[in-house]
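S.K.: Residue numbers (our numbering): 230 to 428.
Heads up, the beta-carbon is just placed ideally off N, CA and C, and yes, glycines get one too.
Computed from a predicted structure; not experimentally measured.
Please find one structure pasted underneath; my questions will follow.
Okay, here's the thing in C-alpha cells:
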C-alpha cells in the first residue's frame, strides 16, 4: 500500500497527463463521428436529381436554316413540321421578322399536302400568321410535312436578322400543333432561320 502511494505521489503528473490525453482523444473521436454523420445526412438531403426529360412530341422549323441575300434579292422559306406520327387536327405558325431588314412578299400553301390545307395566310407589319387544318377528320398520323412557304425580300443594305416563331408551350397562343385526341398543343420545339444581308 505504501509502495502504491509512493508511486502515485511521484508519478501523479504523468497519470494526469495520460488521463487528459485519453479523454481528449475519446472526445475528438466522438465529435468527429457525430459531425461525419450530420454531414452525410445533409449531403444526402441536398442531392438534387436532374429533371426527367420527356421526348419531343412535335417540332416546327423554317428551312433553310440560314440564307444570304443582297439588297433587293428574294428567297423562299419553307415552314416544316414533324408530328412524330401523332394524329393532329391543325397547325398555327406565327413567325416574326424585322421589317427594317426584310419584307414578306408572298405566301403559298403546299399543294402536295392536301390533307392539311392552308386556310389562313396573313402578312402583318412584323409577322406572318399561317393556319393549316384538316377539313375532313381522318385518323392518319402526321410525320414530317411542309405546310407552307413564303417569299422574303431583303430591304436593308447589310446586317443579320432572324425569322423567329412566337411560341408559348402548353398554351394555344402563338405557334401550335393541335393533337386530335385531346385538342392539346403538342408543339415542344421551334427553330427559326438566320438571314444575312450583304452588299
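Determine the DSSP secondary structure at residue 371, reduced to helix, strand or coil.
M.R.: On the chain shown, position 142 is the one that residue 371 refers to. Residue 371 falls in the strand class under three-state DSSP.
S.K.: If you measure from the beta carbon of residue 412 to each beta carbon in chain D, is any gap under 7 Å?
M.R.: Protein chain content of the structure displayed is limited to a single chain, and chain D is not contained in it.
S.K.: Spatial neighbours of residue 410 within its chain, please: CB distance less than 6 Å, with the 5 preceding and 5 following residues excluded, ordered by chain position.
M.R.: Residue mapping note: residue 410 aligns to position 181 of the chain shown, counting from 1. Contacts found: none.
S.K.: I believe residue 315 touches residue 422 by the beta-carbon criterion, under 8 Å. Please report the beta-carbon distance rounded to the nearest angstrom.
M.R.: Here residue 315 refers to the residue found at position 86 when the chain shown is read from its first residue. Here residue 422 refers to the residue found at position 193 when the chain shown is read from its first residue. Contact flag wrong, Cβ pair sits at about 25 Å.
S.K.: Quick one: what does DSSP say residue 238 is sitting in, helix, strand or coil?
M.R.: On the chain shown, position 9 is the one that residue 238 refers to. Caution applies to residue 238, whose pLDDT of 49 falls short of 50 and renders its modelled position unreliable; the value that the coordinates give is listed next. In the structure shown, residue 238 sits in a helix (DSSP, three-state: H, G or I).
S.K.: By a C-beta neighbour count over all protein chains shown, 10 Å radius and 16 as the cutoff for buried, is residue 348 buried or exposed?
M.R.: Taking the chain shown and counting its residues from 1, the one referred to as residue 348 is at position 119. Exposed.
S.K.: Sort out for me which residues DSSP pairs residue 392 with in a bridge.
M.R.: Residue 392 sits at position 163 when you count from the first residue of the chain shown. DSSP output for residue 392 lists 422 as bridge partner(s).
S.K.: Helix, strand or coil for residue 385, going by three-state DSSP, please let me know.
M.R.: Numbered from its first residue, the chain shown carries residue 385 at position 156. It is coil, neither helix nor strand.
S.K.: Since residue 172 contacts residue 324 with CB under 8 Å, what's their CB separation in whole angstroms?
M.R.: Because the chain spans 230 through 428 in this model, residue 172 falls outside it and cannot be assessed.
S.K.: Between which two residues does the beta strand (DSSP E) containing residue 302 stretch?
M.R.: Mapped onto the chain shown, residue 302 falls at position 73. Element bounds for residue 302: n/a, residue is neither H nor E.
S.K.: With three or more C-beta pairs closer than 8 Å as the rule, is the stretch 359-375 touching the stretch 394-403?
M.R.: These segments do not touch.
S.K.: Between residue 406 and residue 414, which are expected to be in contact by the criterion C-beta below 8 Å, what is the C-beta distance as a whole number of angstroms?
M.R.: Residue numbering aside, residue 406 sits at position 177 when the chain shown is read from its first letter. Residue numbering aside, residue 414 sits at position 185 when the chain shown is read from its first letter. That pair is a contact at about 7 Å.
S.K.: Do you know offhand how far residue 417's Cα is from residue 361's?
M.R.: Taking the chain shown and counting its residues from 1, the one referred to as residue 417 is at position 188. Taking the chain shown and counting its residues from 1, the one referred to as residue 361 is at position 132. Their backbone Cα atoms lie some 18 Å apart in a straight line.
S.K.: When the Cα atoms are used, what is the spatial distance from residue 341 to residue 364?
M.R.: Translated into positions along the chain shown, residue 341 becomes position 112. Translated into positions along the chain shown, residue 364 becomes position 135. The alpha-carbon atoms of residue 341 and residue 364 are separated by roughly 16 Å.
S.K.: Please report the Cβ distance between residue 310 and residue 295, rounded to the nearest whole angstrom; I am assuming they are in contact, meaning their Cβ atoms lie under 8 Å.
M.R.: In the chain shown, residue 310 corresponds to position 81, counting from 1. In the chain shown, residue 295 corresponds to position 66, counting from 1. Their Cβ separation, rounded to whole angstroms, is 20 Å, which puts residue 310 and residue 295 out of contact at 8 Å.
S.K.: Do residue 322 and residue 378 have their C-beta atoms closer together than 7 Å?
M.R.: What you label residue 322 is simply residue 93 of the chain shown in a count that begins at 1. What you label residue 378 is simply residue 149 of the chain shown in a count that begins at 1. No, the Cβ-Cβ distance between residue 322 and residue 378 is not below 7 Å.
S.K.: So, using beta-carbon positions, are residue 383 and residue 302 closer together than 7 Å?
M.R.: Taking the chain shown and counting its residues from 1, the one referred to as residue 383 is at position 154. Taking the chain shown and counting its residues from 1, the one referred to as residue 302 is at position 73. Cβ distance < 7 Å, so residue 383 and residue 302 count as in contact.
S.K.: With DSSP as the reference, please indicate the residues paired to residue 335 in a beta bridge.
M.R.: Here residue 335 corresponds to residue number 106 of the chain shown, with the count starting at 1. Paired residues: 380.
S.K.: Return the Cβ separation of residue 289 and residue 419 in integer angstroms, given the expectation that the two are a contact with Cβ distance under 8 Å.
M.R.: Sequence index remark: in the chain shown, residue 289 carries index 60 (1-based). Sequence index remark: in the chain shown, residue 419 carries index 190 (1-based). Their Cβ separation, rounded to whole angstroms, is 5 Å, which keeps residue 289 and residue 419 in contact under 8 Å.
S.K.: How would you call residue 312, buried or exposed, if buried means at least 16 neighbouring beta carbons within 10 angstroms?
M.R.: As a working note, residue 312 is residue 83 in the chain shown. So residue 312 ends up on the buried side.
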